[in-house]
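Residue numbers (this note's numbering): 25 to 304.
Where is the CB? At the ideal position from N, CA and C, for every residue including glycine.
Since the model is a prediction, treat every value here as computed from it, not as a measurement.
For reference, the structure is listed below as structure tokens.
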């Protein structure tokens with residue numbers, strides 16, 4: 025019996041030692057992963073990864089006894105560092121996009137691992153193409169276009185107009201007040217007040233704002249309008265919409281977009297079309 029107990033104690037010691045070694049090995053591995061991750065981020069923080077830097081990463085990976093699966097997250101973070109550098113000025117050049125594609129390839133990152141960033145890159149690419157005059161084109165049903173007119177974009181939007189929200193009077197009585205009897209007072213004077221009108225912008229029609237080579241066309245459920253680009257006097261952009269004034273119209277048009285994320289695309293399209301407008 026004593027021999028059996030000693031044997032079990034020895035087995036427990038061996039198991040405990042094995043677990044300790046495994047824990048230490050795992051801890052060392054995590055430290056090495058973080059170390060290589062920091063190095064990879066540093067290398068990619070300039071928006072590039074040269075062939076020499078790729079070799080350096082592979083060498084360090086072997087030196088630290090790591091495999092590709094171990095540094096999967098590190099690869100994504102390195103790509104993110106390069107991505108942030110490329111778009112830190114809110115633009116993306118062809119060269120910057122080429123470098124990012126090269127980094128993705130060298131790090132063997134599939135599109136699904138960086139799906140959100142790829143969508144952002146597609147938006148930056150579209151804006152760049154628009155600014156270079158390569159406009160997107162759309163086919164929209166039930167719209168009559170002018171000769172040579174092309175539709176570039178359509179954005180869900182609401183037409184806002186200033187309306188009276190409420191009317192009321194503010195003020196009070198003026199004059200003297202004296203007591204006639206208990207609970208009864210008599211006031212000499214009158215009510216002196218002034219009307220207060222509260223106004224605000226409210227949606228008067230929901231629909232879409234269509235951007236073409238010749239016009240801005242709002243097609244709504246209650247109201248619609250079309251404005252020739254050469255009739256626009258000025259345009260102001262907001263975080264979620266735009267306001268523009270027209271020749272021979274006293275009040276400006278105010279448009280609120282359903283999705284504020286497309287403001288950069290809308291701004292680029294309008295800038296190009298207004299500056300390159302042709303009535304022909």
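- prompt: How would you label residue 238, buried or exposed, when you count the other beta carbons within 10 angstroms and need 16 or more for buried?
  reply: By 1-based counting over the chain shown, the position of residue 238 is 214. Buried, since its Cβ has 16 or more Cβ neighbours within 10 Å.
field: Residues of its chain near residue 227, where Cβ-Cβ distance is below 8 angstroms and the 5 sequence neighbours each way are ignored
entry: For the purposes of this step, residue 227 is taken as residue 203 along the chain shown, with counting starting at 1. Answer for residue 227: 182, 183, 184 and 280, listed in chain order.
- request: Can you check the segment 105 to 170 for any alpha helix (DSSP H) of at least 4 residues that lies completely inside it and give the ranges in chain order?
  value: 118 to 130 and 139 to 155
- prompt: Applying the criterion that 16 or more other CB atoms from any shown protein chain within 10 Å of the CB defines a buried residue, is residue 204 buried or exposed?
  reply: Start at 1 with the first residue of the chain shown, and residue 204 comes out as number 180. Summary for residue 204: the model assigns pLDDT 47, below 50, so the residue's position carries little reliability, and this model does not support an answer.
query: Does the Cβ-Cβ distance between residue 236 and residue 242 come in under 7 angstroms?
result: On the chain shown, position 212 is the one that residue 236 refers to. On the chain shown, position 218 is the one that residue 242 refers to. No, Cβ-Cβ distance for residue 236 and residue 242 is not below 7 angstroms.
- request: Just confirm the distance between the C-beta atoms of residue 92 and residue 61, as a whole number of angstroms; I'd bet it's less than 8 angstroms.
  value: Here residue 92 refers to the residue found at position 68 when the chain shown is read from its first residue. Here residue 61 refers to the residue found at position 37 when the chain shown is read from its first residue. That belief does not hold up - the Cβ atoms of residue 92 and residue 61 are roughly 13 angstroms apart, past 8 angstroms.
message: From the DSSP secondary-structure annotation, give me the bridge partner or partners of residue 96.
response: Sequence index remark: in the chain shown, residue 96 carries index 72 (1-based). Residue 96 is not bridged to any residue.
task: If I'm right that residue 176 touches residue 159 with Cβ under 8 angstroms, what's the distance once you round it to whole angstroms?
output: Within the chain shown, numbered from 1, the residue matching residue 176 stands at position 152. Within the chain shown, numbered from 1, the residue matching residue 159 stands at position 135. Sure, about 5 angstroms apart at Cβ, within 8 angstroms.
message: Counting beta carbon pairs with one atom in the segment 132 to 151 and one in the segment 102 to 121, are three or more of them shorter than 8 angstroms?
response: yes
task: With a floor of 4 residues, list each alpha helix (DSSP H) that falls wholly inside the segment 37 to 78, ordered by position along the chain.
output: none
task: Run the CB neighbour count on residue 257, radius 10 Å, all protein chains shown included, and call it buried at 16 or more, exposed below.
output: Within the chain shown, numbered from 1, the residue matching residue 257 stands at position 233. Answer is exposed; the Cβ neighbour count stays below 16.
- prompt: Taking DSSP as the reference, what is the three-state secondary structure of residue 263?
  reply: The residue given as residue 263 occupies position 239 in the chain shown. Looking at residue 263 - three-state DSSP - the assignment turns out to be coil, as it is neither helix nor strand.
Buried/exposed call for residue 68, threshold 16 Cβ in 10 Å: What you label residue 68 is simply residue 44 of the chain shown in a count that begins at 1. Answer is buried; the Cβ neighbour count reaches 16.
field: Three-state secondary structure assigned by DSSP to residue 101
entry: By one-based count along the chain shown, residue 101 stands at place 77. It is helical.
- prompt: Tell me, which residues are paired with residue 231 by DSSP?
  reply: Mapped onto the chain shown, residue 231 falls at position 207. Beta-bridge pairing by DSSP links residue 231 to 181 and 244.
task: Grab the span of the alpha helix (DSSP H) containing residue 294 for me, first residue to last.
output: As a position in the chain shown, residue 294 is number 270, starting the count at 1. Element bounds for residue 294: 287 to 299.
message: On the CB-based measure, 16 or more other CB atoms within 10 Å of its CB, does residue 120 come out buried or exposed?
response: Within the chain shown, residue 120 is the residue found at index 96, counting from 1. Buried, because 16 or more other Cβ atoms sit within 10 Å of the Cβ of residue 120.
task: Check residue 284 in the structure and name its three-state DSSP category.
output: By one-based count along the chain shown, residue 284 stands at place 260. In the structure shown, residue 284 sits in a helix (DSSP, three-state: H, G or I).
query: Is the segment 71 to 80 touching the segment 117 to 134, taking contact as three or more C-beta pairs under 8 angstroms?
result: The answer is yes - the segment 117 to 134 touches the segment 71 to 80, with three or more Cβ pairs under 8 angstroms.
- request: Closer than 8 angstroms by C-beta to residue 229: which residues in its own chain qualify, once you throw out the five before and the five after it? Chain order, please.
  value: As a working note, residue 229 is residue 205 in the chain shown. So the qualifying residues of the chain are 182, 183, 242, 244, 245, 246, 247 and 248.
message: Buried or exposed, going by whether 16 or more other CB atoms sit within 10 Å of the CB of residue 82?
response: Position 58 of the chain shown, counting from 1, holds the residue named residue 82. Under this definition residue 82 is an exposed residue.
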